[in-house]
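Below is one structure; the comments refer to it alone.
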Amino acid sequence: MAVPLMLAACSSSPPRYSKTEEDAKTAVSECEYQIRLNKTPKGDQDELRNLCMQGKGYREGK
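Just so you know, we're using this note's numbering here: the sequence shown kicks off at 67 and counts up by one.
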């Protein structure tokens with residue numbers, strides 16, 4: 067009986083967590099804070115914001 071339970075546990079996929087719009091706002095705020103804290107030049111801010119958001123698991127919608 068223990069073997070089928072162990073196999074079932076191995077075959078189940080890991081839980082997926084959905085990101086809400088509120089999560090995205092929080093992530094952008096954190097990225098903006100870091101950009102401003104480091105006094106990043108305006109020309110570099112968009113790229114750094116995108117990289118920061120990608121690092122948090124977000125991708126630009128196309």
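In this text, a Cβ means the ideal position worked out from N, Cα and C, and glycines have one as well.
A quick note: this is a predicted structure, and the numbers were derived from the prediction, not measured.
- Taking R102 as reference, the option from C118, D89 and E87 with the minimal CA-CA separation is C118.
- Counting along the chain, the unbroken alpha helix (DSSP H) around G121 starts and ends at K108 to G121.
- Per DSSP, reduced to three states, the secondary structure at T86 is coil, with no helix or strand assignment.
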